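Numbering (the numbering used here), first residue to last: 36 to 256. Where is the CB? At the ideal position from N, CA and C, for every residue including glycine. Predicted model only: the values in this text are computed from it and were never measured.
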Ligand SMILES: NC(=O)c1ccc[n+]([C@@H]2O[C@H](COP(=O)([O-])OP(=O)(O)OC[C@H]3O[C@@H](n4cnc5c(N)ncnc54)[C@H](OP(=O)(O)O)[C@@H]3O)[C@@H](O)[C@H]2O)c1
């Protein structure tokens with residue numbers, strides 16, 4: 036499959052690029068700086084806010100994965116950027132998978148409360164970025180004609196070990212028996228590329244690490 040990853044040099048984008056390339060997809064890695072990429076991946080410069088550039092990028096792909104994040108200090112026009120990408124996806128009839136945030140998931144402590152409003156999962160210093168993800172999902176919901184899937188990471192996601200396994204949920208934050216909501220970025224990439232290859236029915240889903248109930252350790256594939 037021809038896969039374009041926007042934000043390809045980022046923490047999540049780079050792992051999605053690696054996972055897709057390892058599975059034999061033809062990957063184009065897009066960021067504003069270009070950056071270096073592994074062999075077999077085409078790295079290219081592109082700004083996700085540049086509609087004309089995105090149009091040519093989308094036309095050369097079967098599916099686009101949007102994993103951009105404004106740099107610290109940059110204005111966080113995340114919802115507007117996402118809406119622009121969805122417009123291009125509609126115009127070019129291209130599927131798009133948006134890597135979003137945990138903020139718009141429902142809290143496991145009270146399903147009437149979003150994670151963005153639950154300090155158990157969103158510390159005060161994360162709240163502004165969690166609010167951006169709520170607006171970002173709203174932008175996706177506002178474009179029902181787009182072939183768009185929004186993927187929420189769990190509350191914690193960081194580089195780690197690839198196990199190849201994960202739990203998949205829908206719009207509720209997934210937690211383990213100790214209340215932790217986490218996944219390694221490598222396993223998150225596995226879930227995103229699984230969705231790319233075998234689209235599910237959910238327009239919004241989340242994933243979390245799969246743990247052995249007796250030990251709390253990761254279950255390997
Ligand atoms: N628990 C959570 O909810 C959680 C945790 C982590 C991440 N996330 C989400 O996951 C997504 C990716 O995050 P990340 O941590 O992987 O980000 P990151 O490491 O900061 O990387 C961001 C990437 O986006 C690129 N970029 C930024 N603006 C761009 C633009 N306008 N056009 C093209 N590329 C652009 C950057 O490269 P250049 O600057 O060179 O363009 C970089 O490659 C974000 O939506 C973030 O909110 C959610």
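Check whether the Cβ atoms of residue i and residue j lie closer than 8 Å to each other.
{"i": "residue 185", "j": "residue 135", "result": "yes"}
{"i": "residue 101", "j": "residue 131", "result": "yes"}
{"i": "residue 175", "j": "residue 117", "result": "yes"}
{"i": "residue 133", "j": "residue 149", "result": "no"}
{"i": "residue 91", "j": "residue 37", "result": "no"}
{"i": "residue 156", "j": "residue 68", "result": "no"}
To which residues does DSSP link residue i through a beta bridge?
{"i": "residue 202", "result": "243"}
{"i": "residue 79", "result": "65"}
{"i": "residue 125", "result": "Paired residues: none, contrary to the question."}
{"i": "residue 113", "result": "None, per the DSSP bridge assignment."}
{"i": "residue 40", "result": "64 and 100"}
On the criterion of 16 or more Cβ atoms from any shown chain inside 10 Å, does residue i qualify as buried, or is it exposed?
{"i": "residue 193", "result": "exposed"}
{"i": "residue 249", "result": "exposed"}
{"i": "residue 74", "result": "exposed"}
{"i": "residue 233", "result": "exposed"}
{"i": "residue 236", "result": "exposed"}
{"i": "residue 87", "result": "exposed"}
{"i": "residue 77", "result": "exposed"}
{"i": "residue 180", "result": "exposed"}
Taking residue i as the reference, give the member of the options with the closest Cα.
{"i": "residue 200", "options": "247, 177, 178 and 176", "result": "247"}
{"i": "residue 242", "options": "213, 37, 89 and 208", "result": "208"}
{"i": "residue 244", "options": "156, 43, 191 and 67", "result": "191"}
{"i": "residue 108", "options": "60, 142, 163 and 68", "result": "163"}
{"i": "residue 57", "options": "210, 167, 221 and 115", "result": "221"}
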